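Line by line, the protein sequences are chains A and B.
Okay, so the first sequence: first residue is 33 according to the working numbering, each after it adds one.
Okay, so the second sequence: first residue is 346 according to the working numbering, each after it adds one.
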Amino acid sequence: MNVQEMFEIGPYALDKKQKSLFLNAELHRLTLHHRRHCEAYANILNATAGASSYLDESGIESEPFLPVRLFKMLELKSIGRQDVVKVLTSSGTTSQTVSKIFLDKQTAGLQARALVHIVKSFLGPKRMPMIIVDTPNVIKDRKSYSARGAGIMGMINFGRNHFYLLNDEMEADWEGLERFLKVHTDQKVLLFGFTFMVWKYFAQAAERQGKKVDLGDSLLIHSGGWKRLEEEAVDNVTFKKVLRERLGIGQIHNFYGMVEQVGSIFMECEHGHLHVPTFADVRVRDSETLEPLPANRPGLLQVLSVLPESYPGHSLLTEDIGQIHGEDDCPCGRQGIYFSVHGRLPRAEIRGCSDTHESV
Amino acid sequence: MEQKLRTIFAESLEIPEERVKDELEYNTLPEWDSISHMSLIAAIEDSFDIMLDTEDVIDMSSFGKAKEIVAKYGA
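See the structure below:
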């Protein structure tokens, strides 16, 4: 099996055995590919494990992984400068350095297709009228996107007649929203936004200003991390409850993803679990020893993806703490590992897509 | 249909019609990026009175491909 064949089957169609056959070979191919085409990556592998290691394909646990923050320190790419079509940068305030992810046509295309393949299994094939809980200015710079901009550009294809809810001052345009909903009465509406911004500038703003909105038959997809919400003691259950009661949004799906691995995102199912698609895998490692941990033990999340051809980002150790709940047996019926993310490793550098807008 | 589509491409991407050939490819010219792609899609939908699925929005990666896709919708 190869990556192309993954587009012919459902994003959660493979069980553990089928999946490991595909993933082991594909991830190992990527390790060798990047080792050949990215000198810095080859040097890292040689320095950490010796030149002869990683030549065998012995399973996902033994594939090398890079700490995700390395992309902030080094320009890691496996393509020539002339083949770069897009550079994605991670979020970060001015005092922080940003990750730089270099995409060529092939990887950008794979990412876009994988994202569609995964998300359309939740939304269906038809594009819906779409509300973006952000300001249009976040996608103004067209050659280089921030994590926020990249997230929006990825999701925008699922909608039509896009309406940007916020202005540059992060104020919701309530009248515009009303007009939009009137035009699209009786149609299912799609909303997308970053978790913190949806909470603060939509749900809380509505509450503060005494606005009651009924979005009717609608579906919200949100992402970007829970850190700022945890500070306000808002968990996923509360988030969903308030959005349902205050805004009438019935269906809400979070996803876990990062600019270093765009496309192969982890969507939350109806049972609140994040699901690993066929293009990706997840492992949990002990934060001290970095040894793999069994299910139900919290540790550092390692994310693997078969999409990154243009940069060595197919196996990354994140700074997020999470735990695996099971594999192939979620009550929602999707196959593959399902897990949850608890938050950031203490003392890890602070970042998160939706956390970059400083509140005033 | 081809000429109508060519005009839509030229107008949406703000490039001369002579440049709109089958080989014209998404992301290989600054004028055709993900933002102008959305206005291009909207213009195609309006002019041909069709509604494209998400998959086709992604697959529309060249003018040649766009012709195939629009034809599929019977436009």
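In this text, a Cβ means the ideal position worked out from N, Cα and C, and glycines have one as well.
As the structure is a prediction and not an experimental result, all values here were calculated from the model.
From the DSSP output, read off the bridge partner residues of residue i.
{"i": "Q241(A)", "result": "Looking at the DSSP assignment, Q241(A) forms no beta bridge with any residue, so it has no partner."}
{"i": "S335(A)", "result": "Checking the displayed sequence, the identity of residue 335(A) turns out to be Val instead of Ser. BP columns for V335(A) point to V314(A), L348(A)."}
{"i": "N286(A)", "result": "H254(A)"}
{"i": "P99(A)", "result": "L349(A)"}
{"i": "Y370(A)", "result": "H307(A), G358(A)"}
{"i": "H191(A)", "result": "Per the sequence presented here, residue 191(A) reads as Gly, with His not at that position. Partner(s): M160(A)."}
Report all residues from its chain with a CB closer than 6 angstroms to the CB of residue i; omit the five preceding and five following residues, and keep chain order.
{"i": "H216(A)", "result": "P161"}
{"i": "L385(B)", "result": "S357"}
{"i": "S127(A)", "result": "In this prediction, S127(A) has a pLDDT of 47, which is less than 50 and means its spatial position is unreliable; nothing more can be read from the coordinates."}
{"i": "M202(A)", "result": "Y233"}
{"i": "V116(A)", "result": "F134"}
Keeping to the same chain, check which residues put their C-beta closer than 7 angstroms to that of residue i; ignore five residues upstream and five downstream.
{"i": "T321(A)", "result": "none"}
{"i": "S131(A)", "result": "F103, K104, T121, S122, V291, E292"}
{"i": "R394(A)", "result": "Within the shown structure, residues of chain A are numbered from 33 to 392, placing residue 394(A) beyond reach of any answer."}
{"i": "E390(B)", "result": "M396, L397"}
Taking all protein chains shown into account, do 16 or more other C-beta atoms lie within 10 angstroms of the C-beta of residue i, making it buried, or fewer, making it exposed?
{"i": "H60(A)", "result": "buried"}
{"i": "A416(B)", "result": "exposed"}
{"i": "L374(B)", "result": "exposed"}
{"i": "E58(A)", "result": "buried"}
{"i": "D318(A)", "result": "exposed"}
{"i": "N189(A)", "result": "buried"}
{"i": "L275(A)", "result": "buried"}
{"i": "Q36(A)", "result": "exposed"}
{"i": "I41(A)", "result": "exposed"}
{"i": "C364(A)", "result": "exposed"}
Going by Cα to Cα distance, which pick from the options is closest to residue i?
{"i": "G331(A)", "options": "G181(A), I369(A), G375(A)", "result": "G375(A)"}
{"i": "D378(B)", "options": "E413(B), R351(B), Y418(B), V402(B)", "result": "V402(B)"}
{"i": "L247(A)", "options": "L222(A), G345(A), R315(A)", "result": "L222(A)"}
{"i": "R370(B)", "options": "Y418(B), A388(B), S406(B)", "result": "Sequence inspection shows Glu at residue 370(B); the Arg mentioned does not correspond to that position. Selected option, being the one with the closest Cα: S406(B)."}
{"i": "P99(A)", "options": "P378(A), P340(A), L333(A)", "result": "L333(A)"}
{"i": "N56(A)", "options": "V151(A), G181(A), G42(A), E95(A)", "result": "E95(A)"}
{"i": "G368(A)", "options": "V117(A), A327(A), Y343(A)", "result": "A327(A)"}
{"i": "F97(A)", "options": "G345(A), T270(A), K220(A), R329(A)", "result": "G345(A)"}
{"i": "R180(A)", "options": "K48(A), M299(A), S255(A), E300(A)", "result": "S255(A)"}
{"i": "V294(A)", "options": "V151(A), I353(A), K244(A)", "result": "V151(A)"}
{"i": "H149(A)", "options": "D404(B), G419(B), E413(B), A411(B)", "result": "D404(B)"}
{"i": "L106(A)", "options": "N75(A), M38(A), I353(A), T80(A)", "result": "N75(A)"}
{"i": "H66(A)", "options": "H357(A), P378(A), G141(A), S347(A)", "result": "S347(A)"}
Among the residues of its own chain, which have a CB less than 8 angstroms from the CB of residue i, if the five just before and after it don't count?
{"i": "N169(A)", "result": "D200"}
{"i": "R351(B)", "result": "E362, V365, F408"}
{"i": "T350(A)", "result": "V100, M290, L332, L333, Q334, V335"}
>> I want to know whether the region 277-285 of chain A touches the region 238-255 of chain A - three or more CB-CB distances under 8 angstroms.
In response: yes
>> Tell me whether the region 223-241 of chain A and the region 133-153 of chain A touch, counting them as touching only if at least three CB pairs, one residue from each stretch, are closer than 8 angstroms.
In response: no
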